[in-house]
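If you're matching them up, the sequences are chains A and B in order.
Start counting the first sequence at 1; every next residue gets the next number (this note's numbering).
Start counting the second sequence at 478; every next residue gets the next number (this note's numbering).
Cβ coordinates follow ideal geometry from the N, Cα and C atoms, glycine included.
Treat the numbers as computed from the prediction; the structure is a model and nothing was measured.
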Amino acid sequence: MIPDSLTIDSVRSSIQERTTTALALAEAHYARIQKEDGEIGAYLTLCKERALEQADRIDRMAAEGKPLPPLAGVPVAIKDVMSTCGVRTTAGSKSLAHYIPPYDCTAVAHMEAAGAVVLGKTNCDEFAMGSSNENSAFKPVRNPRDLSRVPGGSSGGSAAAVAADMAVVALGSDTGGSIRQPASFCGVVGLMPTYGRVSRYGLIAFASSLDHIGPLTRTVKDAAIVLRTIAGRDPVDSTSADVPVPDYVAELKKPIRGLKLGIAKEYFSDGLDDEVRHSVESAIDKVKSLGCELAPVSLPHTPYSIPTYYLIATAEASSNLARYDGVRYSYRAPGVKSLSEMYRRSRDEGFGAEVKRRIMLGTYALSAGYYDAYYLKAQKVRTLLTRDFEEAFRKVDAIVTPTSPTAAFRLGEKSNDPLAMYLADIYTVTADLAGIPGISIPCGETKEKLPIGLQILGKHFDESTILRVANAYEKAA
Amino acid sequence: MGDRLVDSVEPYNPEMPTSVAHVTTYEPVIGLEVHVQLLTASKIFCSCCTRFGAAPNTNVCPVCLGMPGALPVLNRKAVEFATLAAMALNCRIHETSIFARKNYFYPDLPKGYQISQYDKPLAEHGYIEVQASKTDAGSEKLRTENRELRTRRIGITRVHLEEDAGKSLHEGFPDSDEKTAIDLNRAGVPLIEIVSEPDIATPDEAYEYLTRLKEIILYTGVSDCNMEEGSLRCDANVSVRPRGQKELGTKAEIKNVNSFRFIREALVYEIARQIEVIEGGGKIVQETRLYNSHEGKTYSMRSKEQAHDYRYFPEPDLPPLVVDEKWKAEIAKTLPELPEARRARFVREFGVTEYDAQVLTVSKSLADQFEAAAKAAKNPKRVANLVQGELMGRLKARGASIEQSPISMKGVAASADLVESGVISGKMLKDLYDLSFERDQDFPEVYEAEGRPQQSSDTSALEKIIDEILAANPKQLEQYRAGKTTMLGFFVGQVMKASKGHANPQLVNELLTKKLG
């Protein structure tokens, strides 16, 4: 079976009807990876034994004629920031190059319990810090649509794997746009659920109050299926929410006619590339033609989102990354003579430049005498940004924006300019800060055949509406 | 916690002791920080066991090891214990408190931060009442001169919840000269930190405060307060200022003190040292000092960075802790009668002295035993009297505490009932108590072993003994008849002796009077 453009349902029914086997499908994907991934670099670690064992289990169920679970035999890729028991988990960092976790991330466990076959762990920016995947300590990921370009970041490996048919779906993580922006760069669907919707247990923390796990898929329906699988309260994550999980797939069938969509001028400002603007505006027209009403909304604190984000995210990161001290599982510099030398050299050699930059920024923001001016103030602005959305959502059901101001840029184009790189997240960080869900779906291409993404933002715990709008657009486009 | 990167330690050695004159011109100001380990079965943020003494690194999991991706979940029991302790310390419990990260690097701190509470602690504004001598300094001489006691209220600034760190083992391994071993069994064990106001005026008062604090915590049952096992740890902040000056002097923090006695000694030393420095024209440096109990001195512990910046910020992995009125009321229901109240009641109900009430309430279990025994006995006051009159003296003579008594409270109650019902005489009881102490056996066992002796109330048998005694002591009988009625006592004694103490003294008295009459 050729892995091209499969979806969860097509895989599951082929296995159920015995036109293929989970084993054959897994093998076909490994063959594809073997052939393609040398150039792309989407995977860091493959876990063939684990995958084939699971595939075999599914095939035996199918052979016995048992009903198959929703993700039966679906080859999935897991971003390497999610803990996998017995399978190396690096977070794209040298400091964890040899770390083998003793436990599974809750979301991964849910995927496998639903029958998914985990092929391997995908490349990403180190500790999910980056927008281009160039910050991986191991290798960059290249965009399958144009190998000279980045796949976006930090879930670049997951997006590329799905785009290049090296997995049917993937899990990524989003702290400032890390699911949606690579989804838009690679031409796939990327969903960031509401904060607390999906357990973070086992997700290697970058910024705890901003980190989200979510799916990267080829279709909106697949995103809905994966979300239904991984969503819900988890007793081991105190920040996971005890809010009922709707049947997102059933919700897709509801009509979108009459929904009110907000257009925020702050998301169509100067930095927006013309081709992206054109595509996004056409997509909005398309949605309007499907019966949605458009209404202008104002999100006046948007200009402060990038500085706010980079204060809070780095502050939390500076604390979250303190555990990589060389004492237990993380990289320890050889030949150290004292405790302080062990700390200094292990962390200096174990972390890359961007990670160290963010640790320093965050440490500074939390320091005595600066806390009020930076961290505390950023938290206040975060409240204002959240209120902007609450205000807007009183008038509209969802807000449509571009996902990223540009299509995929070239490798090296921004890697020496951290500020330019940070601005790649300008349309995505606000949702992370406000804790609201957002989805990116393909909405056309540039003249150079680079994918463009349309972002739809929703109310807290209202993934159903954004999935519905995205699904309707996908079907119509 | 935290100031532990000792690069060099330097001893300071002033001439001791400082004269009394200095002590009276300066006034010490002392505040204490006490860490108490809570007796929960599992750790504060994971389900690992908290048992002390397990093989190193066996009570651990991804959460308390600080593995990437692991998250904390708050232990409800720890919250209940902390709240109970705070209530017993007269604190105001905040409905909402916030966990915060205290960031510092140390190898036995797995996450590189300790989850603690900072600007919104669980409880504030408590106090403990202590009996304090009127002297301000710890000088033995002044203390003995000024015996008058008074009650002082020592303020408690705050009580907050936090997790413990692991243990660094710098000794005891073949390669200990170049390596440090780490045991993370203790990492994540729940602690409460109890911070006093700088209300403590003398080392004795500090000792008294700690004694009362420990007593209260033990009564609540939330900790065993075992200092050897580290379940109670104390740091002291101390400064001195010229008497009458409002402004506080520069303080030193004394760490690493593992008994209340050493805290008192360390404070006596440190106060003298500070006075010495100031008198010598020097300045006190704000610093952390370690107490060396072998030498009885504090040493400067210079940390690498002079002042730590812990970069506290709210713990994003935990929602605010809410102890609402309903939960608070449930916890309050488990609050036992506290030692102070119990002492007053013992004095009132059982007529024991203040001192004995103190002894009887030294631990909750002893007080419970006493009270249960007394209440089960025919005459509760007699139980109290026996404890005071017969037990305490014997224990004192032996140098034993009441907890080491061979006679249990139940034993005292049994003996009291025997006397109360006239089965044994007071003299017999004394003898049986002596045997108990001799044999290290409880009263009922000794009583059983002695064949359940009874005082004799057999009139005819006693009359026979009396006749024999009177016949054998004609001289004394003559004296009595001549008007020396005090000789009655002599005859009673003789009869008792002849009956081996088993005669009912009251009956002997009656029969003798009749015979002699």
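With 16 other Cβ atoms within 10 Å as the buried cut-off, status of residue i
i, result
"residue 76 of chain A", "buried"
"residue 898 of chain B", "exposed"
"residue 807 of chain B", "exposed"
"residue 590 of chain B", "buried"
"residue 732 of chain B", "buried"
"residue 360 of chain A", "exposed"
"residue 647 of chain B", "exposed"
"residue 624 of chain B", "Any reading at residue 624 of chain B is ruled out, since the residue's pLDDT is 41, under 50, leaving its predicted position unreliable."
"residue 301 of chain A", "buried"
"residue 221 of chain A", "buried"
"residue 989 of chain B", "buried"
"residue 615 of chain B", "Confidence at residue 615 of chain B is low in this model, with a pLDDT of 41, below 50, so the placement of that residue should be treated as unreliable; the coordinate-derived value is given next. Answer is buried; the Cβ neighbour count reaches 16."
"residue 8 of chain A", "buried"
"residue 461 of chain A", "buried"
"residue 539 of chain B", "buried"
"residue 488 of chain B", "With a pLDDT of only 40 at residue 488 of chain B, under the threshold of 50, the placement of this residue in the model should not be trusted, and no figure is reported."
"residue 650 of chain B", "exposed"
Partners in chain B for residue i, counting only beta-carbon separations shorter than 7 angstroms
i, result
"residue 204 of chain A", "545, 546"
"residue 331 of chain A", "Ordered by position in chain B, no residue passes the 7 angstroms Cβ test against residue 331 of chain A, which lies about 13 angstroms from the chain."
"residue 316 of chain A", "793"
"residue 501 of chain A", "This structure gives no information on residue 501 of chain A, because the portion of chain A shown stretches from 1 to 477."
"residue 343 of chain A", "582"
Selection from the options that minimises the alpha carbon distance to residue i
i, options, result
"residue 207 of chain A", "A:416, A:449, A:366, A:312", "A:312"
"residue 642 of chain B", "B:521, B:849, B:992", "B:521"
"residue 275 of chain A", "A:445, A:96, A:477", "A:445"
"residue 447 of chain A", "A:361, A:347, A:146, A:164", "A:146"
"residue 224 of chain A", "A:239, A:243, A:300, A:249", "A:249"
"residue 948 of chain B", "B:981, B:826, B:565, B:972", "B:972"
"residue 579 of chain B", "B:594, B:699, B:952", "B:594"
"residue 315 of chain A", "A:366, A:192, A:296", "A:366"
"residue 685 of chain B", "B:636, B:672, B:790, B:628", "B:628"
"residue 716 of chain B", "B:979, B:752, B:683, B:639", "B:752"
"residue 900 of chain B", "B:924, B:530, B:653, B:970", "B:924"
"residue 400 of chain A", "A:133, A:357, A:173, A:459", "A:459"
"residue 494 of chain A", "A:405, A:379, A:142", "In the structure as shown, chain A starts at 1 and stops at 477, and residue 494 of chain A therefore has no counterpart that could be examined."
"residue 239 of chain A", "B:548, B:975, B:649", "B:548"
"residue 392 of chain A", "A:268, A:264, A:351", "A:264"
"residue 886 of chain B", "B:855, B:894, B:843", "B:843"
Residues that residue i contacts on chain A, provided the C-beta gap is smaller than 8 angstroms
i, result
"residue 910 of chain B", "Within chain A, no residue comes near residue 910 of chain B; the closest Cβ sits about 58 angstroms away, beyond 8 angstroms."
"residue 788 of chain B", "318, 319, 363, 366, 367, 368, 371"
Partner residues on chain D for residue i, Cβ-Cβ distance less than 7 angstroms
i, result
"residue 85 of chain A", "Protein chains in the displayed structure are A and B, and chain D is not among them."
Interface partners of residue i on chain B, CB under 9 angstroms
i, result
"residue 101 of chain A", "539, 544, 545, 546"
"residue 105 of chain A", "546"
Contacts of residue i in chain A (Cβ-Cβ under 9 angstroms)
i, result
"residue 588 of chain B", "319, 320, 322, 323"
"residue 550 of chain B", "235, 236, 237, 238"
Residue i CB to nearest heavy atom of the ligand MG below 7 angstroms
i, result
"residue 579 of chain B", "Absence of the ligand MG from the depicted structure is noted, as is the absence of any ligand whatsoever, leaving it without description."
Contact set between residue i and chain B, taken where Cβ atoms lie within less than 8 angstroms
i, result
"residue 468 of chain A", "By Cβ distance, chain B contributes nothing, its closest Cβ being about 30 angstroms from residue 468 of chain A, past 8 angstroms."
"residue 91 of chain A", "545"
**Message:** Does the contact criterion of 3 or more C-beta pairs under 8 angstroms hold for the region 589-607 of chain B versus the region 568-576 of chain B?
**Reply:** yes
**Message:** Quick test of the definition: if touching needs 3 or more C-beta pairs under 8 angstroms, does the region 108-116 of chain A touch the region 220-234 of chain A?
**Reply:** Contact holds between the region 108-116 of chain A and the region 220-234 of chain A, because three or more Cβ pairs, one in each stretch, are under 8 angstroms apart.
**beta strand (DSSP E) runs wholly inside the region 77-127 of chain A, at least 3 long, in chain order** = 117-122
**alpha helix (DSSP H) runs contained entirely in the region 866-943 of chain B, provided each spans 4 or more residues** = 869-875, 886-897, 903-916, 920-926
**Item:** Unbroken stretches of the alpha helix (DSSP H), 4 residues or longer, contained in the region 313-362 of chain A
**Value:** Within the region 313-362 of chain A, the runs of alpha helix (DSSP H) at least 4 residues long that lie entirely inside it are, in chain order, 339-350.
**Message:** Three Cβ pairs or more, each shorter than 8 angstroms: is that satisfied between the region 905-922 of chain B and the region 959-973 of chain B?
**Reply:** no
**Contained alpha helix (DSSP H) runs [length at least 4] in the region 378-457 of chain A, N- to C-terminal order** = Look at the region 378-457 of chain A and you find these whole runs of alpha helix (DSSP H), each 4 residues long or longer: 418-422, 429-434.
**Asked** Do three or more CB pairs link the region 766-779 of chain B to the region 737-749 of chain B at distances below 8 angstroms?
**Response** yes
**Prompt:** Just checking, does the region 253-269 of chain A make contact with the region 292-311 of chain A on the three C-beta pairs under 8 angstroms criterion?
**Reply:** With a cut-off of 8 angstroms on Cβ pairs, the region 253-269 of chain A is in contact with the region 292-311 of chain A, counting three or more such pairs.
**Message:** Suppose only complete runs of 4+ residues qualify. What are the alpha helix (DSSP H) ranges in the region 122-165 of chain A, listed by chain order?
**Reply:** 156-163
**Asked** Can you give, in chain order, each stretch of the beta strand (DSSP E) that sits fully within the region 712-755 of chain B and has at least 3 residues?
**Response** 729-734
**Prompt:** Are the region 118-128 of chain A and the region 99-106 of chain A touching, with three or more C-beta to C-beta distances below 8 angstroms?
**Reply:** no
**Request:** Starting from the N-terminal side, write out each stretch of the alpha helix (DSSP H) that is 4 residues or longer and does not extend beyond the region 803-831 of chain B.
**Result:** DSSP assignment within the region 803-831 of chain B yields the following whole alpha helix (DSSP H) runs of 4 residues or more, N-terminal first: 816-827.
**Prompt:** Which ranges does the beta strand (DSSP E) cover as unbroken runs of at least 3 residues, wholly within the region 532-613 of chain B, from first to last along the chain?
**Reply:** 576-580, 590-594, 600-610
**Asked** Counting only runs that start and end within the region 629-690 of chain B, where is the beta strand (DSSP E) found for 3 or more residues in a row?
**Response** 644-646, 658-660, 667-673
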